[in-house]
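Using the working numbering, you'd call the opening residue of the sequence shown number -14 and step up by one each time.
Note that beta-carbon positions come from the ideal geometry of N, C-alpha and C, so glycine has one too.
Have a look at the structure below, then the notes.
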Amino acid sequence: MLQNKTVDARGYSCPEPLLLTKKALEEEVFPLVVMVNSQGAKENILRYAHKNTMKTAVEETENHITITINQEE
């Protein structure tokens, strides 16, 4: 069964989106979907995920950025 969790960090200033993402990752529910609306938050989250060997996918719209994080297999 596919589980997932969503973190809506739109409107938060750095480092809050990363802190919310780290807290959600502690629950180990994948995929984790994180919504942000700044390039800085996107880059920080991607850097953290890649450093911890997680797979990511990014979808950008004009309103926000969606980052999907999965465990590396």
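May I ask which residues mark the beginning and end of the alpha helix (DSSP H) holding Gln24?
Gln24 to Lys36
From Leu31 to Glu12, what distance separates their C-alpha atoms?
18 Å
Which partner residues of Leu17 appear in the DSSP bridge assignment?
Lys(-10) and Ile54
Which word fits Thr46, buried or exposed, when buried means at least 16 other C-beta atoms lie within 10 angstroms of its C-beta?
exposed
Could you give the first and the last residue of the continuous beta strand (DSSP E) run that contains Thr41?
Met39 to Glu45
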